[in-house]
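This report refers to the structure that appears directly beneath it.
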Amino acid sequence: MASSPPPSSRAPKTVPKGDLATEITASLVVFLVALPLCIGVAVASGVPAELGIISGVIGGLVVGAARGSTLQVSGPAAGLAALVAETVLEYGVAMLGVIVLFSGLLQIVLGLVRLGRFFQAISLAVVQGMLAGIGLPLMFSQAYPAMDAKAPGTPLENMAGVPGLLADTFADPQALIAAGLGTVTVVLSFLWKKVPGPVRKVPAALVAVGIGIAVAALPGVEVKTLQVGNLLASVDMPGPAQFAGLADVGIITAILTFTVIASAESLFTAAAVDRMHDGPRTRYNPELIAQGAGNTIAGLLGALPITAVVARSSANVQAGAKTRLSRTLHGLWLLAFALLLPQVLALIPISVLAGVLVHSGWKLFAPEEFPKMWRQDRGEFAVMTLTTLVIVATALLEGVLFGLAAGIVLAAVRMSQTVIRQHVEEDTAKVVMAGNATFLRLPQVIEALEAAAEAGKPRIRLDLTGVTHLDHACRSQVEEFTAQQRGKDLRVELLMPGPAKRLPTEADREPESVPDEASARAAARLDPLPRRPVSVPASTSASTSAGAPGPTAEWFYLDTTPMPEDFAQRYAEEYAQDYGSVYGSDYGPVYGSDQGRSYGEGEGTPGPSYDYFR
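So this is what it looks like as structure tokens:
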């Protein structure tokens with residue numbers, strides 16, 4: 004019988020026919036979302052619109068084809084628009100290519116030294132707050148082009164200008180037509196999934212574009228449409244004069260700034276996109292290298308910096324994409340339409356594309372997540388809300404950093420749970436503490452100590468043996484209080500946490516009965532143990548016999564649930580999933596069937612064992 008070919012010689016997997024149609028459809032949806040964003044980000048950045056399309060093409064064909072993420076889409080991002088505009092204003096468009104080029108090279112280095120996974124440590128509340136903080140400004144910013152108007156600028160300015168926008172729209176018949184097309188697009192995006200039959204497989208955005216083109220072609224309709232110039236003529240590769248600018252400290256600072264912000268935005272977005280689907284997870288270091296490769300090429304062409312973008316990624320996931328094909332093809336559509344069919348792009352009303360983005364912004368904002376988070380965890384709700392508000396008020400990176408800081412503070416407060424009990428017994432004022440005693444709980448500690456001193460008893464007992472973590476601030480406070488009270492001739496008994504030591508045996512108390520060398524070996528074996536000894540009354544020591552527990556025995560509380568018969572097999576399977584079949588098969592018996600004999604009541608007999616699978 005012929006043996007099966009080795010893995011290396013097998014034919015590569017191909018996308019199933021049904022999935023191929025879905026991938027192509029999803030790529031068209033992403034293309035329709037990406038096109039206005041590429042142009043809008045370019046205009047907001049103070050550069051020609053064609054440079055935004057070039058960056059979008061690179062984000063699809065280069066970053067999209069690379070391994071790292073599966074469904075995340077990259078291109079020029081609104082989060083960098085303000086920084087790019089400031090840089091272009093100070094150094095000119097020609098220097099932008101050099102800055103983006105070296106930012107990309109630096110990203111590749113960061114990925115090679117494996118710093119990408121650092122960005123996985125992010126709270127779910129921060130991720131949801133970041134999505135809401137991106138979606139809310141996106142809706143308000145796109146409300147203006149949906150009515151053939153220009154957005155004032157910042158998210159807060161856009162929100163404040165909505166009443167004036169509505170008044171101007173109702174006063175202009177052409178603006179009303181544009182607003183109608185944008186509204187129809189939004190409504191179709193929400194309701195299209197309820198359309199029965201195979202018609203539903205056609206993207207709602209594509210249907211809206213078709214309606215928009217038909218309406219724009221009617222006599223007397225003068226709504227704004229896309230305008231794209233010569234793509235190849237817009238390429239401006241940096242030359243020696245631009246590379247000489249690397250001697251400027253400001254240019255170096257700009258490179259580092261672009262690198263940090265672009266990397267953070269891309270990988271934070273990866274964490275958010277991974278929560279939108281159940282497909283393959285992002286490989287952070289390869290993804291950072293892919294982003295660096297994209298920015299390197301974008302810099303060589305003098306285009307805009309590239310990052311992963313939530314709006315396009317969200318549209319990709321919602322369109323049903325499952326592989327990298329959809330995001331790669333969207334770059335191909337951008338290139339083909341911009342080079343071969345610019346006249347077709349000129350037929351698409353801007354208000355329709357703005358309507359598509361308004362719908363994407365609403366899905367990102369997800370207002371239903373706020374009451375849900377409130378019911379689940381009010382502390383996390385506060386972190387989520389603060390992250391959203393700070394992003395809206397400032398920018399994406401500042402908001403995410405603020406949210407991370409708020410999440411860390413919340414975790415620190417929750418981890419610093421200290422139980423303090425105090426009472427008076429006869430001539431002793433007692434203070435018992437347990438849990439984590441950190442500087443965050445210092446006011447409660449001081450209050451309890453002062454209350455014990457004010458009790459007026461001749462003896463104070465401070466029992467801290469139940470404290471699992473005692474930081475320097477609390478320890479110093481307790482020791483200082485103890486010294487002060489002892490200086491007042493009070494008896495202070497201080498029991499501090501720490502590893503317990505074995506009680507001395509009779510042999511330890513009578514060194515003359517043990518040879519010197521044997522005493523040294525016995526003393527070497529008296530290592531501190533992590534569990535405290537339990538003293539046995541002296542009356543019981545006389546009744547102990549050889550092999551029975553003596554006065555220095557240490558007792559352990561074990562789970563006496565009988566070990567299941569298939570314990571070894573189940574443990575091996577669980578271990579193999581995490582560490583590989585080799586370790587699973589090797590260590591399964593050790594921690595399985597042998598454990599009952601190792602920790603049992605007698606040699607060779609099954610005894611009580613821990614059940615890890617209950």
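Position in the sequence shown (first residue = 1) + 3 = this note's numbering.
Cβ atoms here follow ideal geometry from the backbone N, Cα and C, with glycine treated the same way.
- Using a Cβ distance threshold of 7 Å, A432 and A458 count as a contacting pair.
- At a Cβ-Cβ threshold of 7 Å, G248 and I254 count as neighbours.
- When DSSP states are grouped into helix, strand and coil, H472 belongs to the strand group.
- For I351, the three-state secondary structure derived from DSSP is coil.
- Secondary structure at S77: strand, using DSSP grouped into helix, strand and coil.
- Of all alpha-carbon atoms in E53, I61, D22, the one lying nearest the alpha-carbon of H333 is that of I61.
- Sequence-distant partners of A451 (beyond 5 residues in either direction) whose C-beta falls short of 8 Å from its own C-beta, in its chain, are I423, Q425, V434, M436.
- Residue environment for K325: buried (at least 16 other C-beta atoms within 10 angstroms of its C-beta).
- Per DSSP, reduced to three states, the secondary structure at V427 is strand.
- Comparing C-alpha distances from G302 to each of I102, A69, I27, V66 shows the shortest one belongs to I102.
- Within the region 79-151, the runs of alpha helix (DSSP H) that reach at least 4 residues and sit entirely inside it are, in chain order, 84-94, 96-115, 127-146.
- In the structure shown, A311 adopts extended strand secondary structure according to DSSP, grouped into three states.
- Spanning the alpha carbons of N319 and A149 requires a straight line of approximately 22 Å.
- Taken in chain order, the complete alpha helix (DSSP H) segments of 4 residues or longer contained in the region 406-462 are 445-457.
- At a Cβ-Cβ threshold of 7 Å, T331 and A69 do not count as neighbours.
- In this structure, the alpha-carbon of S72 lies about 11 Å from that of S316.
- Its chain contains T421, I423, M436, A440, C477, Q480, V481 as the residues whose beta carbon lies nearer than 8 Å to that of V448, once the 5 sequence neighbours on both sides are disregarded; these appear in chain order.
- In the DSSP assignment, R494 falls within the beta strand (DSSP E) that extends over 494-498.
- Counting only the Cα atoms, A174 lies some 16 Å from K153.
- Take the alpha-carbon of P352 and the one of A219: they are about 7 Å apart.
- Here the alpha carbon of Q346 sits roughly 47 Å from the alpha carbon of P374.
- In the structure shown, L234 adopts coil according to DSSP, grouped into three states.
- Apart from the 5 residues on each side of it in sequence, V96 sits with its Cβ closer than 6 Å to the Cβ of V50 in its chain, given in chain order.
- Taking 7 Å as the cut-off, the Cβ atoms of M376 and F384 count as close.
- Only buried fits G82, as 16 or more other CB atoms lie within 10 angstroms of its CB.
- Here F261 really is in contact with P308; their C-beta atoms are around 6 Å apart, less than 8 Å.
- Under the criterion of beta carbons closer than 8 Å, Q131 and Q294 do not qualify as touching, at roughly 23 Å.
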